[in-house]
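Report on one structure; see the data block that follows.
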Amino acid sequence: MSAIPALLRAALPSIPVVNQLPGVKKAPVAGFTGLTRTRPPVTVDRAAVEAYAAVCGFPTKDVVPLPYPHLLVFDLQMAIMSDPAFPAPAIGTVHVENSITQHRPIAIGESLSVVASVGAPVPHPKGVVYEFVTEVRAGAELVWEETSAYLRRGVSTGSTTEEGSTTEGGSTTEEGASYGMALPEAAPTPIRWELPADLGRRYAAVSGDANPIHLYPVTAKALGFPRQIAHGMWTMARCVAALENRLPDAVRVDVAFKKPVLLPGTVAFGVTPLDDGIAFGLTSPSGKAHLAGRTTSL
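Positions 1 to 298 (UniProt numbering) are the ones given, in order, by the sequence shown.
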């Protein structure tokens, strides 16, 4: 499945007139019970993994970086969002939280099957939340799981027509809204990362997520941003890469996406040890939170 056509299909319900056409018009929120998509077994390709690792700061290994399987489910999530039965257009549906559980490392060359599903929307003070749940299996063995929480602001019954911003990591109008996680704060640190202007294009090339808000100033401005922003899942991956040598084989990583990271830009990475893991975060030079996260040993 091609990521670009999937993104185009996902954008159609946000276009006036087009969004009323059969096959594009969205169903009302009320009565939506869920959708599921699967992909046939896929073999983990070394070249693809190493390209991803290079962009996100992971070392080269014979196992995949912990967040890498998210790339195997991204097109399934887009397929679900572009289905007319899914009530919310992808544009304006904001990725606010993400949780990954790795039961064991996944080796290069393994064959994996992927199932993605979303259930009925969960009420939220700012609208509704859709929880996308992914299971990745090697044969019958569950090796990796993910829950991605997407917030649709201002929608609680059947309206899906208000303007929005992005499916990834932030909003133009407010900082990321908290959903279900109570995450500890990480201590400030002098570690700074300088992020280049082309980071979104580089991550899009390895992930398939070519949302225009991540690519160029002109495409980001068209969707309400002052300039392009980093992918939320890149910020998560970069933090995990910085902690990689301290994480056990079986681990859960939870993150909440806060304020978008403008590119080019500077972020500060901080960590605080916990009894059963590590609290971590990204902040702006002025101290505003971009991401809050924690790891939990299993």
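Even for Gly, the Cβ is constructed at its ideal location relative to N, Cα and C.
Since the model is a prediction, treat every value here as computed from it, not as a measurement.
Residues of its chain near residue i, where Cβ-Cβ distance is below 6 angstroms and the 5 sequence neighbours each way are ignored
i	result
phenylalanine 280	Ala186, Cys239, Val271, Gly293
proline 69	Val136, Trp144
serine 113	Pro41, Arg137
leucine 71	Ser207
Residue i - DSSP class collapsed to helix/strand/coil
i	result
serine 207	helix
glutamine 228	coil
residue 369	One cannot answer for residue 369 here, as it falls past the ends of the chain, which runs 1 to 298.
threonine 173	With a pLDDT of only 33 at threonine 173, under 50, the local geometry of the prediction cannot be trusted, and no value is derived from it.
proline 273	strand
isoleucine 278	strand
valine 44	coil
isoleucine 213	helix
threonine 60	coil
For residue i, the first and last residue of its enclosing alpha helix (DSSP H)
i	result
arginine 238	232 to 243
leucine 72	70 to 82
Beta-carbon proximity list for residue i, same chain, < 7 angstroms, skipping 5 on both sides
i	result
proline 217	Arg227, Gln228
leucine 143	Before going on, a small fix: residue 143 reads as valine here, not leucine. Same-chain partners within the cutoff: His103, Arg104, Ile106, Val136, Arg137.
arginine 37	Leu76, Ala79, Ile80, Ala116
CA-to-CA distance, residue j to residue i, given in whole angstroms
i	j	result
alanine 90	glycine 119	16 angstroms
glycine 208	serine 286	32 angstroms
alanine 51	isoleucine 100	21 angstroms
glutamate 163	proline 125	Residue placement at glutamate 163 cannot be trusted, given a pLDDT of 35 that sits under 50; the coordinates are not used to answer.
residue 339	valine 64	What is shown of the chain runs 1 to 298, which leaves residue 339 out entirely.
residue 305	leucine 243	Nothing can be reported for residue 305: it is not among the residues displayed for the chain, which extend from 1 to 298.
tyrosine 150	leucine 291	15 angstroms
serine 82	arginine 46	30 angstroms
alanine 140	histidine 231	32 angstroms
tyrosine 130	aspartate 254	17 angstroms
arginine 202	valine 55	7 angstroms
Span of the beta strand (DSSP E), counted from its first residue to its last, around residue i
i	result
aspartate 254	251 to 257
serine 148	141 to 153
glycine 293	289 to 297
alanine 182	Looking at the DSSP string, alanine 182 is not in any beta strand (DSSP E), and its letter there is neither H nor E.
phenylalanine 132	127 to 138
glycine 119	111 to 119
threonine 93	93 to 102
Subject >> Segment contact flag, the stretch 78 to 98 with the stretch 48 to 60, C-beta cutoff 8 angstroms, min 3 pairs >> reply: Cβ pair count under 8 angstroms is below three, so no.
Original post:
Does the stretch 79 to 86 come within contact of the stretch 247 to 260, defined as at least 3 CB pairs closer than 8 angstroms?
Top reply: The stretch 247 to 260 and the stretch 79 to 86 do not touch, with fewer than three beta-carbon pairs separated by less than 8 angstroms.
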